[in-house]
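Residue numbers (the numbering used here): 296 to 565. Just so you know, even glycine gets a beta-carbon here, dropped at the ideal spot from N, CA and C. Single-structure report; data block below.
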Amino acid sequence: MAEAAIDLDRYDVRPLSGALGAEVRGVDVVNLDDDGLAAVHALLMRYSAIALHGQEDLTDDGLREFGMRWGQLDVHGYSTTVPGYDDVLLIYSDAKRRSVAEGWHSDVSWKAIPPKISMLHARQVPSAGGDTFYASQYAAYDDLSEPMKAFLEPLDAEHDGRNFDIDLIRRPATHPVVLRHPETGRKALYVNRGFTRRIPALPPGESDAILNFLYNHCTRERYQARVHYEPGTLAMWDNRCVLHSPVLDYGGEVREMHRVAVLCDQRPSR
């Protein structure tokens, strides 16, 4: 359905920055009909990262069901899950356990078929802090010079999940440094400091230099927005064109999030 044919005026939509992101009120994920789902899809394609506030009644079964309306759910395989589920991650921190790792990344880019969309449901939030930063990789690509774009576009990069299991070093996934989004048709950078390791076509020194430049470039403040969670907020973002990083600024308070991720329909491509 074309975005122009979808009624978005029924929702309270407030952009978070000029680069990406919006807060949305008025969506009921539990009772969302097909027209409502099309509207949420249009908002996600327009803003790349959205915070759907007011989803306090969303259960883990409901979160899974909503995720499966977008595609097949990822089974991470290495991170802690909510008891009884293999595809709902438990992201929990308190005074004794800080399970959230800071750092910019695209979820599970170390798999051959990575997630296209991630959904993070806020179950318990600290009194202050605990937000997530997002960065538009459309904007990061658009800002590159034409010679740099021409240099990067033929290149591939290797990603691996050694942060979760050292054995994954031997099973890297190769993705384009610049992908073309299969739904919007726009180009976006697709490298991240968390999981991208090298550009095989370049000598190590050149690969390191280019990747370090891109890591610093693609997370500049001008490309960012920040999502503030309320109890029940459901954040959604498009991993094909967005990087994200949690903010560990809430001391020893409890922060509990439940996450599902929807797999790409095919490998990222140019």
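- Per DSSP, the unbroken beta strand (DSSP E) holding HIS539 starts and ends at 537-541.
- SER431 is the residue among LEU385, SER431 and THR375 whose C-alpha sits nearest the C-alpha of VAL537.
- Taking C-alpha positions only, VAL370 is separated from ARG359 by approximately 12 Å.
- C-alpha of PRO449 to C-alpha of THR491: approximately 16 Å in a straight line.
- Selection VAL555, SER564, PRO563 and ARG565 evaluated against GLN367 yields VAL555 as nearest (Cα-Cα).
- Taking every protein chain shown into account, the CB of ASN487 has 16 or more other CB atoms within 10 angstroms, so this residue is buried.
- Annotation: the stretch 309-378 contains the following complete segments of the beta strand (DSSP E) (minimum length 3 residues), in chain order: 317-320 and 344-347.
- Per DSSP, the continuous beta strand (DSSP E) segment holding PRO410 begins and ends at 410-419.
- Each of SER540, LYS444 and SER502 was checked against the Cα of GLU516, and the nearest Cα belongs to SER540.
- ASN534 sits buried, since 16 or more C-beta atoms from the chains shown fall within 10 Å of its C-beta.
- Proximity to PHE446 across ALA407, ASP402 and ILE505 peaks at ILE505, based on C-alpha coordinates.
- In terms of Cβ geometry, TYR342 and GLY321 do not form a close pair [threshold 8 Å].
- Distances from the alpha-carbon of ASP560 to those of GLY349, ASP356 and TRP365 put TRP365 closest.
- By the CB criterion at 8 Å, ALA417 and THR514 fall outside the cutoff.
- Burial check for PRO467: the Cβ neighbour count within 10 Å reaches 16 or more, so the residue is buried.
- Just measuring C-alpha positions, the residue of TYR373, MET414, GLY500 and SER502 sitting nearest LEU347 is MET414.
- Distance from the CA of ARG562 to the CA of LYS444, rounded to the nearest whole angstrom, comes to 21 Å.
- Distance from the CA atom of ILE461 to the CA atom of LEU327, rounded to whole angstroms, is 41 Å.
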